[in-house]
Each structure stands twice: as structure tokens, then as C-alpha cells.
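Peer 1: Protein chains in written order, with my numbering: chain A, 31 to 804; chain B, 13 to 342.
The structure under discussion is supplied below as C-alpha cells; questions concerning it will follow.
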Amino acid sequence: MSDHAPARSPQDLDDSIAGGIGESPTRPDGALKVRGEYAYASDLWAEDMLWGATLRSPHPYARIRSIDIGPALATPGVYAVLTHSDVPGENLYGLKIVDQPVLAVDVVRYRGEAVALVAADHPETARRAMERIEVDYEVLEPITDPELAAHDTTLPELHPGGNVVRHQPIVKGDPEASADVVVSGLYTLGMQDQAFLGPEAGLAVPAPDGGVDLYLATQDLHSDRKQTAQALGLPPEKVRMTMSGVGGAFGGREDLSIQVHCSMLALHTGKPVKMVYDREESFHGHVHRHPAKMYYEHGATRDGDLVYVRATLYFDGGAYASKTPVVVGNGTTLGIGPYAVPNVRIEGWGLYTNNPPCGAMRGLGAVQPALAYEAQMDKLADALGMDPVEVRIRNALSQGGTTPTGQVLDYPAPVAELLDRVRRLPLPAEHDSAPADIRDLPGGASNTTHGEGVVRGIGYGVCIKNICYAEGADDYSTARVRLQIIGGEPLAVVHTAAAEVGQGLVTVQQQIARTELGVERVNIHPNDTDVGPAGSSSASRQTYVTGGAVRNACEAVRDVLLQRVAARSGESIGDLSLSGGKVVSSATGVLADLADVIGDDVIEETREYHHRETYPLDEELGTSERAQVQHAFSAHRAVVDVDTELGLVKVVQLDCSQDVGKAMNPEAVIGQIQGGSAQGLGLAVMEEIRVDGGTIRNASFTDYLIPTILDMPPMNIDVIERADPNSPYGVRGVGEPPTISSTPAVVAAIRAATGKALTHTPVAPEHIIADIPR
Amino acid sequence: MIPFDYQRADRADGAVAAVGVRPAAAFLGGGTNLVDHLKLGVAEPELLVDVTRLPFDGIDTLPDGGVRVGATVRNSDLAAEAIVRQRYPVLSQALLSGASGQLRNLATTGGNLLQRTRCPYFQDVTTPCNKREPGQGCSARGGYTRYHAILGASEHCVATHPSDMAVALTALDATVHVTGPNGQRDIPVTELHRLPGDEPHRDTVLEHGDLITAVDLPELPMAARSRYRKVRDRASYAFALVSVAAALDVEDGTVREARIALGGVAHKPWRANTAEQALRGAPATEQSFREAAEAELAEAQPVRDNAFKVPMARNTLVATLRDLAGEEAR
Chain A
31 MSDHAPARSP QDLDDSIAGG IGESPTRPDG ALKVRGEYAY ASDLWAEDML
81 WGATLRSPHP YARIRSIDIG PALATPGVYA VLTHSDVPGE NLYGLKIVDQ
131 PVLAVDVVRY RGEAVALVAA DHPETARRAM ERIEVDYEVL EPITDPELAA
181 HDTTLPELHP GGNVVRHQPI VKGDPEASAD VVVSGLYTLG MQDQAFLGPE
231 AGLAVPAPDG GVDLYLATQD LHSDRKQTAQ ALGLPPEKVR MTMSGVGGAF
281 GGREDLSIQV HCSMLALHTG KPVKMVYDRE ESFHGHVHRH PAKMYYEHGA
331 TRDGDLVYVR ATLYFDGGAY ASKTPVVVGN GTTLGIGPYA VPNVRIEGWG
381 LYTNNPPCGA MRGLGAVQPA LAYEAQMDKL ADALGMDPVE VRIRNALSQG
431 GTTPTGQVLD YPAPVAELLD RVRRLPLPAE HDSAPADIRD LPGGASNTTH
481 GEGVVRGIGY GVCIKNICYA EGADDYSTAR VRLQIIGGEP LAVVHTAAAE
531 VGQGLVTVQQ QIARTELGVE RVNIHPNDTD VGPAGSSSAS RQTYVTGGAV
581 RNACEAVRDV LLQRVAARSG ESIGDLSLSG GKVVSSATGV LADLADVIGD
631 DVIEETREYH HRETYPLDEE LGTSERAQVQ HAFSAHRAVV DVDTELGLVK
681 VVQLDCSQDV GKAMNPEAVI GQIQGGSAQG LGLAVMEEIR VDGGTIRNAS
731 FTDYLIPTIL DMPPMNIDVI ERADPNSPYG VRGVGEPPTI SSTPAVVAAI
781 RAATGKALTH TPVAPEHIIA DIPR
Chain B
13 MIPFDYQRAD RADGAVAAVG VRPAAAFLGG GTNLVDHLKL GVAEPELLVD
63 VTRLPFDGID TLPDGGVRVG ATVRNSDLAA EAIVRQRYPV LSQALLSGAS
113 GQLRNLATTG GNLLQRTRCP YFQDVTTPCN KREPGQGCSA RGGYTRYHAI
163 LGASEHCVAT HPSDMAVALT ALDATVHVTG PNGQRDIPVT ELHRLPGDEP
213 HRDTVLEHGD LITAVDLPEL PMAARSRYRK VRDRASYAFA LVSVAAALDV
263 EDGTVREARI ALGGVAHKPW RANTAEQALR GAPATEQSFR EAAEAELAEA
313 QPVRDNAFKV PMARNTLVAT LRDLAGEEAR
């Protein structure tokens, strides 16, 4: 952070931490957030700042003939109007494939693509100036069907090299195997939004060294810095980033939004520039979850043993690649679910179209196939006359089992146990006995039914998700831990670049430092690029990798301290430990206060944590000794009531069993499972970005619906801890699995209640009330 | 948003004069719809005359037994009024099913009647729309039409009226009091809103400068047992896919009188005259209700994405009538 930090960038987090690992101390940001005092990126302020705005394409696909900025620039109060020719460095960025222009040059590939920037003395001045930028478009016919984009060679190529971002086959055993019982289906999933509440925002401050200090909300400071520096034509050290308050992320902040734009305007005008998207712009300004079309065929013996799974998956990546390659990787490698299957053939396609770009969202690439493979397992159970849970348990993957890529799981995989546990959780009461509270019925207080036409159904879903980066990425995080005496008390300062996006990472870091160093005050230093990379708060990975890095740095600090005391006392270092602010010997008891050992010193150590190496997939067969470092599993049971006359659904209860390896903070684990389940419920019954002709038709929270507290039922949550011997403290990623297994469970319950096939998710009234072809 | 002037009116005649003389002037009530449209560029008034301080915030019993609701009465207050809850429960229920608590605290009675459609093409100024700009063409036809009309649409417009309150008022045969540049007049609420025809830019029969001052609810004993049912995609804070406002008067198992309006199906709150006619004198049975509903919907013309609204409207209407008849029987 620079010496002249803008107003509302420090957060003033509480540095007293009341519990160590395995306890549930209060969050240091919790009281601030519930009191409305936590500063989000949209609260950033500098006295002499300008406001930036982005002109976006109104067309999904068009050629740009010309751009006239003259009238806009002449607007009083306007300081800058910039186009592609003003991009100082490389006018391309991207997380995996560098294919997206900072500002469009001669073509726009999606509705909402950035074309020009304005800086002005007031946001309204900037907006009016944008209306005076004259862009002459030649409108082209957009490509909107990803399956066509994969196979129709007559379509225009949206990018050099064609419209296929990634094509990945996975083959195991005999890809042509046959079986006695065969079920097949075609399943589709709509586009889901991350629906974070805090819109994209940041404040760029030009620095005297020709660089820029950017304060912003993001998931990954160093990834942003790398891409931004490249586009600005600056060395990375001249692009310094500091985290501001993040109002939710869920993957939607992995790609760049305001970063380069805001910095360009600040560098160009020499003034601080703030950008904040409004809600509509936010819908156009971040990626969404990939819609998918999935063809599945399962073959089994008459006893219910899976013989083969064959599938073809199409993921609509939209106009730019973003995380599409990873979605294809995850979607294919996890495409059969948490089951042991001897013969597999999966083909995954990630495509360019002129639809809105799709990228990271909680459950990345694993959400889509889960809807298909779990529907297939129910179909198979039905064909076999078996119980749906029994079929799943019979085929469940377990420790020592092999994935379709040939990876042997050398850690617990309690899939069968989770299924068995979730079905044993208590069920809700039936409605029959007493008149129901209308709020518990489909439609709720809308007064649509008093119980007539209402049918109950129960459904199950279980999933597999890889944790951390995969397929050969060097996945690591960095932590700097400093121990010193402040006011006579030891204070640890933990400095990482790891983003607190609401998941509770700040608390977990405090807990680790408290446990490892035996101190009760742990300050979380603001996240910035002065410390090494932490990677993204995604892939359920931060407690694993940043937790590991904080642990390593704490151990290094502790080693320094203990060596010092061992040398002074003559005790063996192996007998020493830190507890309650004191150095304790197992042989002779308390040896010294930390305050006396440290004095005026500052003990500071920086360490990285790298997880075990992973390896790429074979391009033809998808094989890999270890494609993914860890897998996580959760199982849901949904109980729904469906008003079959009106097609309305009330999820009555949603229960979950999940293996978390080690619950670092049990209350936070419950919170993650509740939140993930709510997001999965939303996808099951209401969340869909309506894209028509390449354009979003519901870019607001009035029209894009997410569940409210009235839609979210009570949950029974059953957390088990089967430690992963390879991970710090045995942790297993928590955040994503409940988002994945909840959706198929809810959809299965609606199928059970209605007998409808329900091949599209989210399920809407029209799918239940009448057979409207989709 | 374009720059605009703002005035706060303290007299109705002054407000009417101020708006009447400027073609690009508009009244501002609670602002829950107009302010959105200002931001989206859908509405570009040069002058806003704030009418929320006019003395139209009363709810009064009339000598003839009806109730007069002032135009600036907030939706929350109207829904909570004891006389409304007792004598016109359909209105209270309709209000409470609309929007959110925060929006209902702002929204006014007059403003609610004048809400404009949530058709996504109307709200997106980059797409053609006959309602926004006559003659441009209708982008919804052939586009995303899940929320659109199944009754009374025209080739020029297939939008729906979004209000819940107006559906209840339509079933109740309310009367709208208007004062305008040419004096005062009363308009039956059933005639306030228009079908799109070839003038889809006109939502209502009001002329520029006309100000709604009050809404009268007629004395209607059968309305004491009235219902509003709203079918929507989540349990709160969502617009209606289909809604039904209904009151039923049944004696000895025979329907004497029915009042029915449908929401979410047309450019205006849809008074179900055909169904009412079919029910009068008919036995109060599931079969009569179904026949009446089907008669009302016989002319329905769904577009690409809303065929489901026909069975949904039918089933909602039947369920509402069944509910009301069952209550009568008790």
C-alpha cells in the first residue's frame, strides 16, 4: 500500500483471535460487515479523483468501421476519451489464452464488449460523454449455438485458429463396451450468474515513478497484476495492487474488469480515477457459468454394476476463452461423477460463440456434468428397479479407486459413507396431518395453493470436485509472518495476497497463527502485491495452499525463536514449544515469556507452500498419473413439494453430508455448505441468464432471480473429517462441492414428485405444468 | 439520464399546469418505476413535478358505502388499512404480493396504476420497440417472451402490464379520478388501461397533463370474500407470470355473481367478462369453474416462450374459484 492510501482502503480488522484450529472464533471482519462499516471497493475515494466509464458494444457481433471521439472529448468536464490505439502495451489479455482485447479494435464479439473509455469530473458527465462517442458498426450475424460452433465449418472463425477453445477426449478401458441395461439422455443447463452483491469497482492512483497503484476488489491480485502490467506496457513492479473490500466473488472476479481500464485513465490524466459498474454493466462486465449441452449413455449389468459411461459435452465459452480450457478439463475428468466405471469415453468441447463470455464460477466445470450423470443414475435405478441410493453406493468410488484418467486416489474418498449418512438424516413431517402454514407450500405467501395438487418428492445427488489447480499448474501460495512485541504482548502479523471473498480466510489465517505461535493477537495485513503470489480464491484452494503457507511461515518463525531459547537455556529444541505467549519446555516447564525472548526484535519469515505436482492430460486419451491433487465429495438429499397444477416448487428441506478432511473452523464450514447449497438451489429452480440472439435479457436483480430466505429451507448438515494425508492439517476443500451436489438433488426430487423428465435446469413452471418443448 | 428540472407541487392545479405546458414533463410519484426508466434512458423528461406532497394521502369511507383512496397513499399503507383488509382483501393481498417492503413503502396508488411494462426490449434502448418509439417494430415478437401477453396483443406489441394492485382494482370495478388541463373526470379502471392495437406507446387513455387524484372502491359486499393469487418464479419479489383477482357470490350452490380479473396475461389488467358471464347462474362446481376459465382463454394466442401461461392461468383461476366456493360453503 502506498503512503497516500485513499480513504476507506484500510479495514481495521480485529486482531484478537479467541480460538485456534478446529474452533470457531468470531470473524475479524464480521462485526464490521453486519454493522455496515466494512469498506467495499465501491467506497474508495480520493479527493481529486475522476470517474471512469466504459463504452460497450450494443451488438453481439459487428465490425467496427470507425470510432469518432471528437464530440465526446469536447464535452466540458471530460479529461480523457481513450480507444484501442491508446492501450500502452499489448492490447490483449486472458487467464489461460491471451485472446481478449482491452479495447476492441476492428471487431466486437459480444454484446457488452469494451470499446472506449471516458474519464470525467462526475460519473454523469462521463456517461453523457460516452453517448457522444460515435462508433460506426457493421452488424454481423452472431454465432449463438455452441454445438454448431464445434462442427459447422462454414461458420466464420471468431478467433484465429477457429471456434474450438479446447477439445478433450477421455478414454478408459474399452470405449465400445456394451451392457445389458442401457439408459441415455440429453441434458441442458442454462447460464448462471455469480450474483455477487458488490459490483466491480476500483481506484487507480498514478504514481511518481510512472507506475500505478490500484485499489480494487479481486480474487487474485498477482494474476491481475501480470495481465494489467502487460497491457500497460509496464514492468510488474510498477503496477502495485491493494485489495479493497470484496462483496462476493464466486469466480466472477477472476477475469479482468476495471483493472487495465482504470489504470489507463489514471496514467493518461495523471489523476486518481475511480470506476464502479452499475448492476446492468456488471452483468455485461463479468463472465458467467458455462451453459452446457450434454449427451450421456450409461450401461450396467442387471445387478446394477456400471459397465460403461459414454458422454459428449458442449460448453458455451462465449466470445473469449477465459476459463473455458479448465471447464473442459474439469468437465471431462469429473464427467462420470464419483463412481468407479471400468469403461469410459468422454468428449468435451469448449467453444467460442458470440454469447456473453463464460468463465469461472463456484464448482467450475463440475456443476454441469453432475446434472447429467446424477439424472442418469436415477434413470438407471429406475430401469433396474433399484433404489437410487443403492445404485450409487454400489458403484461409489473409494480410496484406492481409479478415475477415468487413470489416477489412483491415495486419500479417503468416502462416497458411499456420505450417501448412507445423508439418507439417514431426519426427514421433515408430512403435510397430511395438520393444515400447513401457507409459507411452507409452493408459492408461499403468494397464496397459490392450500395444499391441493401438491405432491412431495425426494431426490439425491452426490458429486466429485477437484480441489486446487490441476493438470500441471504450479499451484502455490506465499505467506509472510512477523512476530513482535506490541504493548508488552506478542503480536503476529500475517501478510499474504490471498483474497478474503467472504469465505472466512482471514479467520482461518488467524487461527493457524494462534495455534502455531501460541499468541492471541494476530493482525491480518492488507493484501497486496508487496508479498508473493497466493493465487486465486477459487477451486476451494485457499485454506489448503495459503493455510499451508501461513503454517510454513509460522513454523519458520517458531524455529528462529526456539533456536534462540534453546541456545540460551541449553535445552533441546525438540522439547520446546510455544503456548500462551510463553516458551515451554516439556522437560522443565515455562522457560520464558515471548516478550523477553523477542524484546525489540522483529522476527519475520516468508514461506511458500506448493502442493504435490500434477500432470497434464494426454491429448488423445486424457490419461494422467495425477491430473488433480485432491478430490472432495458431498451428498445432498432434497425434499420438495410441487404444485403440479401451477408448476411451482417449494424445497422443503435440503440436507447435506460432506467430507471436509479437517474442519479448520466448524462454523465457517457450515456457512460454506449453507451458502453453496443455496446457490445450487437457485440453479435448480430459478437462476438463468436469459440470452436471446447473443444478448442478455434479464441484466438486473429484478429479472435475474436468486433465492431469498423464503425460498431457502432448513438444512441438516452432517460434516465428517477424513483427513487427507497429503494436505496441511488434512484439509479438504469445502466451498465448491455443496454447490454441485445440491442442484441434481433438487431436480431429482422434482422428477420424483412429478414423473416429468426435466432435462433442462433450472426447472421452471413451464417444464412441470405442461410439456413445452425447449 | 438526461438533465431535468425538478419541482415539488403543493397544489394539484399547479402540478397539472406545470406538466401540461411542457411536452417533456412528467409527474413523479414514489419513483419506483420512473427513476429506473430515467437511468435506463427509457424515459427522458425535462421536468419532473413531484406530486407526493399533494393532499391526496387519505383513505376515506364515502357516503354511498364505498372507499376513496388518495392517489399518493403508499402501497404499504393501503395494504395495511383495516377497512381494505376487511372489505376488499383481494386488494390488500395484491398489494402485499407486489415488489418488496422497501418498494411498497415508496410506491403510490396513482403511480402503481401507471407502471410500465417490464418487457426487456422496452427497457433496452438499443433494441427497436414500438412502445418506446412508435414505428420501430417489436423486438419481442420472435424474441424472449416468457413474461409476455397471451390475450389481446397486437402485431405491434405483446407486452404485459406488471401491476398486481391494478388487477385487484379491475376486479373490484374501481373508478379513477383524474384532473387534467381540461378539468376533472372519472374513468372506470377497466377503461383506464388500453390494449396495444396500433398505438402501443399509449398504456392508458390518459392525456398529457392528466393527474390521478384518487381511486374509488365501490361498495361491494361480495368483495369481503375475495382472493388474489399470484404465480411467480420465487416466493417473493418477482413479477407475476399469471395472477388472478376474484370474488364470488354463491347461494345454494349456485353462482350469483363473480368478479374476475387476470394479471400477467395482457397489455392491461384483464377483466374476465366471458368467464364471469359463464359463471352467473352456473353451479359452483369444479366443472363450471374449468369451463368458465377455458371460455375466457379460448382466444389466447401464446407466443414463442409463453404457451405455459394458458394452462397456468386456467389452473390458477379454477383454484381461486374453488377456494372461494369452498369458503362460501363453510
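Think of the CB as a built atom: it goes at the ideal place given N, C-alpha and C, for glycine as much as any other residue.
Measure the C-alpha to C-alpha separation of A503(A) and E643(A) and round it to an integer number of angstroms.
Peer 2: The alpha-carbon atoms of A503(A) and E643(A) are separated by roughly 8 Å.
Peer 1: Q313(B) CB to nearest chain A CB: under 9 Å?
Peer 2: No, Q313(B) does not count as interfacial toward chain A.
Peer 1: Under 7 Å Cβ-Cβ, which residues of chain A neighbour P67(B)?
Peer 2: Here the premise fails: no neighbours, minimum Cβ distance about 32 Å.
Peer 1: Could you give the residue range of the beta strand (DSSP E) that holds D62(B)?
Peer 2: Here the beta strand (DSSP E) through D62(B) covers L59 to D62.
Peer 1: Compare the C-beta of A475(A) against all C-beta atoms of chain B and say whether one is closer than 9 Å.
Peer 2: Yes - at least one Cβ of chain B is within 9 Å of the one on A475(A).
Peer 1: How many Å lie between V306(A) and L713(A) at the Cα?
Peer 2: Roughly 27 Å separates the two Cα atoms.
Peer 1: What runs of the alpha helix (DSSP H), each 4 residues or longer, lie entirely inside the stretch 366-449 of chain A?
Peer 2: Fully enclosed alpha helix (DSSP H) runs of 4 or longer: 397-414 and 418-424.
Peer 1: Please list the partners that S300(B) has in chain A, where partner means a Cβ-to-Cβ separation under 8 Å.
Peer 2: Per Cβ cutoff of 8 Å: no residues; S300(B) is ~17 Å from chain A at best.
Peer 1: Can you find a C-beta in chain B that's less than 9 Å from the C-beta of I802(A)?
Peer 2: With a pLDDT of 46 at I802(A), under the threshold of 50, the modelled position of this residue cannot be trusted, and the question is left open.
Peer 1: Scan the stretch 312-332 of chain B for residues whose Cβ lies nearer than 7 Å to a Cβ of chain A and list them as they occur along the chain.
Peer 2: If the cut-off is 7 Å between Cβ atoms, the stretch 312-332 of chain B has A319, F320, P323, M324, N327, T328 and A331 near chain A.
Peer 1: Pop quiz: T791(A) and G710(A) are said to be a contact at Cβ under 8 Å. What is the actual Cβ separation, rounded to whole angstroms?
Peer 2: Contact flag wrong, Cβ pair sits at about 10 Å.
Peer 1: Under 7 Å Cβ to Cβ from L163(B), same chain only, skipping five residues before and after it: list those, please.
Peer 2: Cβ within range, chain order: V277, A278, W282, E311 and A312.
Peer 1: Run down chain A in chain order and give the residues with a C-beta less than 8 Å from the C-beta of Q105(B).
Peer 2: The contacting residues are N477.
Peer 1: In the DSSP assignment, what are the bridge partners of M742(A)?
Peer 2: In the DSSP output, where bridge partners are listed per residue, M742(A) has none listed.
Peer 1: Whole angstroms is fine: what's the gap from N553(A)'s alpha carbon to Q660(A)'s?
Peer 2: Straight-line Cα distance between these residues: approximately 30 Å.
Peer 1: Whole beta strand (DSSP E) runs in the stretch 569-619 of chain A with 3 or more residues, listed along the chain?
Peer 2: With a minimum length of 3 residues, the continuous beta strand (DSSP E) runs that stay inside the stretch 569-619 of chain A are 606-609 and 612-615.
Peer 1: In the DSSP assignment, find the unbroken alpha helix (DSSP H) run with P774(A) in it and report its ends.
Peer 2: Note, P774(A): alpha helix (DSSP H), P767 to T784.
Peer 1: Determine whether the beta carbon atoms of V179(B) and A257(B) lie at a separation below 9 Å.
Peer 2: Contact flag set, yes.
Peer 1: Note down, in chain order, every chain B residue with its Cβ under 8 Å from the Cβ of H480(A).
Peer 2: What H480(A) touches in chain B: D335.
Peer 1: Might you give, ordered along the chain, the residues of its own chain that have their beta carbon closer than 6 Å to the beta carbon of Y203(A), omitting 5 neighbours on each side?
Peer 2: The sequence shown places Gly at residue 203(A), rather than the Tyr named in the question. Excluding positions up to five away in sequence, the list reads P372 and N373.
Peer 1: Measure the alpha-carbon distance for D432(A) versus A500(A) and round it to whole angstroms.
Peer 2: In the sequence as displayed, the identity of residue 432(A) is Thr instead of Asp. Spanning the two alpha carbons is a distance of roughly 17 Å.
Peer 1: So which residues on chain A does M177(B) lean against when the C-beta distance must stay under 7 Å?
Peer 2: The contacting residues do not exist; M177(B) stays about 15 Å from chain A at best.
Peer 1: If you measure between the beta carbons of P556(A) and P40(A), is that distance less than 9 Å?
Peer 2: A contact, by the Cβ cut-off of 9 Å.
Peer 1: So, for E420(A): in the same chain, excluding its five sequence neighbours on each side, which residues have a beta-carbon less than 8 Å away from its beta-carbon?
Peer 2: Closer than 8 Å at Cβ, skipping near neighbours: G334 and A411.
Peer 1: Is I542(A) closer than 9 Å to V580(A) when the C-beta atoms are compared?
Peer 2: Closer than 9 Å, so yes.
Peer 1: Check the DSSP bridge columns for T791(A) and list the partner residues they point to.
Peer 2: In the DSSP output, where bridge partners are listed per residue, T791(A) has L219(A).
Peer 1: Give the DSSP bridge partners of C169(B), in chain order.
Peer 2: Note: C169(B) sits in a beta bridge opposite S166(B).
Peer 1: My assumption, with CB atoms under 8 Å, is that V243(B) sits in contact with A252(B). Please give the rounded CB distance.
Peer 2: About 7 Å; that satisfies the 8 Å criterion.
Peer 1: Alpha carbon to alpha carbon, how far is K495(A) from G241(A)?
Peer 2: Cα to Cα, the separation comes out at about 40 Å.
Peer 1: Name, please, each residue of chain A whose Cβ falls closer than 9 Å to the Cβ of G147(B).
Peer 2: The premise fails here: G147(B) is roughly 20 Å from chain A at the closest Cβ pair, so nothing lies under 9 Å.
Peer 1: Give me the chain A residues within the contact set of L5(B), using Cβ-Cβ distance strictly less than 7 Å, ordered along the chain.
Peer 2: As shown, chain B starts at 13 and ends at 342. That puts residue 5(B) outside it, with no answer to give.
Peer 1: Roughly how many angstroms lie between the CA atoms of S274(A) and G110(B), to the nearest whole one?
Peer 2: The straight-line gap from Cα to Cα measures roughly 36 Å.
Peer 1: Determine whether the Cβ of M13(B) lies closer than 9 Å to any Cβ atom of chain A.
Peer 2: So yes, M13(B) belongs to the interface.
Peer 1: State yes or no: is the beta carbon of N384(A) nearer than 9 Å to at least one beta carbon in chain B?
Peer 2: With 9 Å as the cut-off, N384(A) does not count as an interface residue toward chain B.
Peer 1: Checking contacts by CB at 9 Å: is D671(A) closer than that to chain B?
Peer 2: No, because no Cβ of chain B sits closer than 9 Å to the Cβ of D671(A).
Peer 1: Enumerate, from N- to C-terminal direction, the unbroken beta strand (DSSP E) stretches of 3 or more residues contained entirely within the stretch 184-221 of chain A.
Peer 2: Counting only runs of 3 or more, we get 194-202 and 211-219.
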